[in-house]
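> Handing you a structure now.
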Amino acid sequence: MAQKFTFLLLFLFISFHGLAQISASQENGCLPLINVNFSFSNPLLTNHYWDFDDGTFSLAPSPVHTFTNAGTYMVVLTGIFNSTAVSDSIEINVFSNPTANFFVDGPNTGCAALSIDYKDISTSAFGSPIVSRFWTFGDGTFADTSLVEFTHTYYDMGIYSVSLMITDTNGCQDLLYSDSIVIASSPPVVVFGNDLDSLIDCNPPVNVNFYANTYSLFQHADTFSYLWDLGNGQSSVLANPVYDFQQGYYQGSLQVTDNFGCSVEHQFSFFVILPEASFELANATDYVICDTAFFINTSNVPSVWLNYGDGNTGSNLTHIYSLPGVYNVQMFAALGNCTDDTTIQVTVEDVQADYGLSPDYTCSTPIGVQYSDSSFNAVEWLWLFPNGDTSLLQNPYIIYSDPDTSLCEQTQVIPVNPVLIVTSPHGCHDTLLNGNTFVFDMPVSRFMPDVSWGF
68 MAQKFTFLLL FLFISFHGLA QISASQENGC LPLINVNFSF SNPLLTNHYW
118 DFDDGTFSLA PSPVHTFTNA GTYMVVLTGI FNSTAVSDSI EINVFSNPTA
168 NFFVDGPNTG CAALSIDYKD ISTSAFGSPI VSRFWTFGDG TFADTSLVEF
218 THTYYDMGIY SVSLMITDTN GCQDLLYSDS IVIASSPPVV VFGNDLDSLI
268 DCNPPVNVNF YANTYSLFQH ADTFSYLWDL GNGQSSVLAN PVYDFQQGYY
318 QGSLQVTDNF GCSVEHQFSF FVILPEASFE LANATDYVIC DTAFFINTSN
368 VPSVWLNYGD GNTGSNLTHI YSLPGVYNVQ MFAALGNCTD DTTIQVTVED
418 VQADYGLSPD YTCSTPIGVQ YSDSSFNAVE WLWLFPNGDT SLLQNPYIIY
468 SDPDTSLCEQ TQVIPVNPVL IVTSPHGCHD TLLNGNTFVF DMPVSRFMPD
518 VSWGF
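Numbering (my numbering), first residue to last: 68 to 522.
Given below as structure tokens:
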């Protein structure tokens, strides 16, 4: 009897498969496999009993089921067909999802353009390799790649969120979204310097105050750190350090970093000096000039002021003296509140042209005239005589002829003056235009014919 029953069930099962089959909207899918629709196409089947192989069942003719665990499920449907118990089954495969994960390999903040190294450490499920990685970088760009390591550069400042979606060979995916993971800042803007221009301490070592005022174009950068290299072996992390310096030349640097690791570095140099006044006369090595002085500032600072010794003062290094004499010229050099002064003596050389002559009057020509130089401090002479003669002698002798050859009438008195130009030992000149006059006082000759007409 038992053998006969077994044969009957087998016969009914085979007959059932011949009538219809179970169908499912999804036979393979990723976890969770949601809302799988099961159905059996033969409407004559009654008393449906669905066993989903996950500990749950349904009595509905066409149930909808969700699988919440990965695995292979043999879903069995049993029922009554023509008063006979029958059954059928279908295999459902639910795949585990990969797990997305990544990290930034290195700093994730800094200055734009900021290059970020991403490393994918996602894990696959049950030997289903990851075949695709889709990155979105938060700056409007993306990358679809199979690479495990990827570098992306952020060219604009901002705060960026990044996502990674991975896909395995089963088509299963996972998404990891990391909010505000990358921050690209802008280099700090620094205005810095020291107070050497307003120096108060005039005795070395000199107390020097440094300052730095900083802001950023990136609105979230509001904290700054400082690193000064002051060039004297000293360093400071203060924004406004104060240190003592001996006189000398120093080269230093200032690095300013914001709270996102974005930094800027500036190089600088400066002199620590106390003013030492010094100047020279450019146009006379023996400090003797004619009227114009060209001074050269040889002080160790550019800011100078002069007292020219003739009642005038100023910062002009060129000065014209109106009178000869000896002048004490004083230069003041200043740096901040520190000053120094020195004095040189300048001589404005005097030279004056003058002469005498003998005789200084004549009634007849030709006549010789002796000119006698009486100039002051002259070493060279140039005489320009009204008759066209010239002379370089100190005391020339000149012969004047009749200044008028008219037969009818001659001027009674004719004054003549030479021009005398004299030169001093240092090349200074004086010109005398209207010196002592030589006078021609000649007789006036007139004649009349003894007849006014005739033939």
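Beta carbons are placed, not taken as given, at the ideal position from N, Cα and C, and that holds for glycine.
Under a Cβ-count criterion, where at least 16 other Cβ atoms within 10 Å of its own Cβ denotes burial, should F507 be classed as buried or exposed?
Walking along the sequence shown from the start, residue 507 turns up at place 440. Buried, by the Cβ-count rule.
> Can you give the beta carbon distance from N237 to F162, rounded, assuming they're within the 8 Å contact cut?
For the purposes of this step, residue 237 is taken as residue 170 along the sequence shown, with counting starting at 1. For the purposes of this step, residue 162 is taken as residue 95 along the sequence shown, with counting starting at 1. About 4 Å separates the two Cβ atoms, so the contact holds.
> Is the segment 225-233 touching the segment 142-160, taking contact as three or more C-beta pairs under 8 Å?
In short, these stretches do not touch, since the Cβ pair count stays below three.
> Excluding the five sequence neighbours on either side, which residues of its own chain have a C-beta within less than 6 Å of the C-beta of L321, listed in chain order?
By 1-based counting over the sequence shown, the position of residue 321 is 254. Taken in chain order, the residues that qualify are F259, W295 and H333.
> May I have a chain-ordered list of the beta strand (DSSP E) segments no shorter than 3 residues that lie completely inside the segment 259-323?
With a minimum length of 3 residues, the continuous beta strand (DSSP E) runs that stay inside the segment 259-323 are 273-282, 291-296 and 309-312.
> Tell me whether C405 sits in a helix, a strand or coil according to DSSP, three-state version.
Counting from 1 along the sequence shown, the entry for residue 405 is found at position 338. Note: C405 maps to strand in three-state DSSP.
> Starting from P482, follow its DSSP beta bridges and name the residues at the other end.
The sequence position of residue 482 within the sequence shown is 415, counting from 1. For P482, which the question treats as bridged, DSSP gives the partners V506.
> DSSP three-state call for C495: helix, strand or coil?
Within the sequence shown, numbered from 1, the residue matching residue 495 stands at position 428. In the structure shown, C495 sits in coil (DSSP, three-state: anything other than H, G, I, E or B).
> Whole angstroms is fine: what's the gap from L474's alpha carbon to G455's?
For the purposes of this step, residue 474 is identified with residue 407 of the sequence shown, where counting begins at 1. For the purposes of this step, residue 455 is identified with residue 388 of the sequence shown, where counting begins at 1. With a pLDDT of 46 at L474, under the threshold of 50, the modelled position of this residue cannot be trusted, and the question is left open.
> Excluding sequence positions up to five away, which residues of its chain have a Cβ less than 6 Å from the Cβ of Y282?
Indexing the sequence shown from 1 puts residue 282 at position 215. Answer for Y282: V256, listed in chain order.
> For the beta strand (DSSP E) that contains C97, what are its first and last residues?
In the sequence shown, counting from the first residue as 1, residue 97 sits at position 30. Note, C97: beta strand (DSSP E), N95 to C97.
> As a quick exercise: from T145, I340, I465 and A251, pick the residue whose alpha carbon is nearest that of A180.
Within the sequence shown, the letter at position 113 stands for residue 180. With distances taken between Cα atoms, A180 lies closest to A251.
> Short of 6 Å in beta carbon distance, which residues of its chain neighbour V273, apart from the five on each side in sequence? Order them along the chain.
On the sequence shown, position 206 is the one that residue 273 refers to. Once the five neighbours on either side are set aside, the close Cβ partners of V273 are F312 and V339.
> Alpha carbon to alpha carbon, how far is L76 from S90?
The sequence position of residue 76 within the sequence shown is 9, counting from 1. The sequence position of residue 90 within the sequence shown is 23, counting from 1. Legend: pLDDT at L76 = 39, less than 50; position of this residue unreliable, value from coordinates given subsequently. Answer to the nearest angstrom: the Cα atoms are 22 Å apart.
> Using the beta-carbon count (16 or more within 10 Å), is S300 buried or exposed?
Residue mapping note: residue 300 aligns to position 233 of the sequence shown, counting from 1. The sequence given here has Gly at residue 300, not Ser. Classification of G300: exposed, given that the 10 Å Cβ count is below 16.
> Looking only at DSSP bridge pairs, what is F169 linked to?
In the sequence shown, the residue the question calls residue 169 occupies position 102. Beta-bridge pairing links F169 to D187.
> Roughly how many angstroms lie between the CA atoms of P426 and A349, to the nearest whole one?
Against the sequence shown, residue 426 aligns to sequence position 359. Against the sequence shown, residue 349 aligns to sequence position 282. Approximately 47 Å, taken between the alpha carbons.
> Quick one, which of K186, T166 and N164 has its alpha-carbon nearest P174's?
Working through the sequence shown from its first residue, we reach residue 174 at position 107. P174 has its Cα closest to that of K186, out of K186, T166 and N164.
> Is DSSP giving A420 helix, strand or coil here?
Numbered from 1 along the sequence shown, position 353 holds the residue referred to as residue 420. Coil at A420, not helix or strand.
> Locate the beta strand (DSSP E) running through I197, then write down its first and last residues.
Here the question's residue 197 lines up with position 130 in the sequence shown. Start and end: I197 to T203.
> In the DSSP assignment, what residue or residues form a beta bridge with E332?
Along the sequence shown, one-based indexing puts residue 332 at 265. According to DSSP, E332 bridges with Q322.
> So T166 and S154 are supposed to be a Cβ contact under 8 Å. How far apart are they, rounded?
Numbered from its first residue, the sequence shown carries residue 166 at position 99. Numbered from its first residue, the sequence shown carries residue 154 at position 87. Between S154 and T166 the Cβ distance is about 38 Å, and since that is not below 8 Å, they are no contact.
> Measuring CB to CB, does P482 end up less than 8 Å from F452?
The count along the sequence shown starts at 1 and reaches residue 482 at position 415. The count along the sequence shown starts at 1 and reaches residue 452 at position 385. No, the Cβ-Cβ distance between P482 and F452 is not below 8 Å.
> Mind checking T504: buried by the 16 CB within 10 Å criterion, or exposed?
Along the sequence shown, read from residue 1 onward, the residue named residue 504 stands at position 437. Answer is exposed; the Cβ neighbour count stays below 16.
> For C357, which three-state DSSP category applies?
Sequence index remark: in the sequence shown, residue 357 carries index 290 (1-based). Coil, per DSSP.
> Alpha carbon to alpha carbon, how far is L500 from H386?
Residue numbering aside, residue 500 sits at position 433 when the sequence shown is read from its first letter. Residue numbering aside, residue 386 sits at position 319 when the sequence shown is read from its first letter. If you take the alpha carbons of L500 and H386, they lie about 27 Å apart.
> With L98 and N168 assumed to form a contact (beta carbons below 8 Å), what rounded beta-carbon distance in angstroms separates them?
The count along the sequence shown starts at 1 and reaches residue 98 at position 31. The count along the sequence shown starts at 1 and reaches residue 168 at position 101. Not confirmed; about 17 Å, so no contact.
> Using only alpha-carbon positions, find the residue among L390, Q419 and G376 that is nearest to M398.
Taking the first residue of the sequence shown as 1, we reach residue 398 at position 331. For M398, the nearest C-alpha among the options comes from G376.
> Give the DSSP-derived three-state secondary structure of N58 in the structure shown.
Within the shown structure, residues of the chain are numbered from 68 to 522, placing residue 58 beyond reach of any answer.
> To the nearest angstrom, how far is it from the Cα of D235 to the Cα of V131?
The residue labelled residue 235 in the question sits at position 168 within the sequence shown. The residue labelled residue 131 in the question sits at position 64 within the sequence shown. Cα-Cα distance, rounded: 27 Å.
> Take W372 and list the residues in its own chain whose beta-carbon comes closer than 8 Å to its own, dropping the five residues that flank it on each side.
For the purposes of this step, residue 372 is identified with residue 305 of the sequence shown, where counting begins at 1. Correct list, in chain order: T380, G381, S382, M398, F399 and A401.
> Let me confirm a value: T324 is counted as buried when at least 16 other C-beta atoms fall within 10 Å, else exposed. Which label applies?
Counting from one through the sequence shown, the residue named residue 324 turns up at place 257. Classification for T324: buried.
> C430: buried (16+ other C-beta within 10 angstroms of its C-beta) or exposed?
Within the sequence shown, the letter at position 363 stands for residue 430. C430 comes out exposed.
> For the candidate residues T133, N114, Y316 and Y116, whose alpha-carbon lies nearest to that of S92?
The residue labelled residue 92 in the question sits at position 25 within the sequence shown. Checked all of T133, N114, Y316 and Y116; the closest Cα to S92 is T133.
> Residues bridged to C239 by DSSP?
Position 172 of the sequence shown, counted from the first residue, corresponds to residue 239. Answer by DSSP bridge pairing: none, since C239 is not bridged.
> What's the gap between the Cα of A306 and the Cα of F337?
Counted from its first residue, the sequence shown places residue 306 at position 239. Counted from its first residue, the sequence shown places residue 337 at position 270. So the alpha carbons of these two residues sit roughly 18 Å apart.
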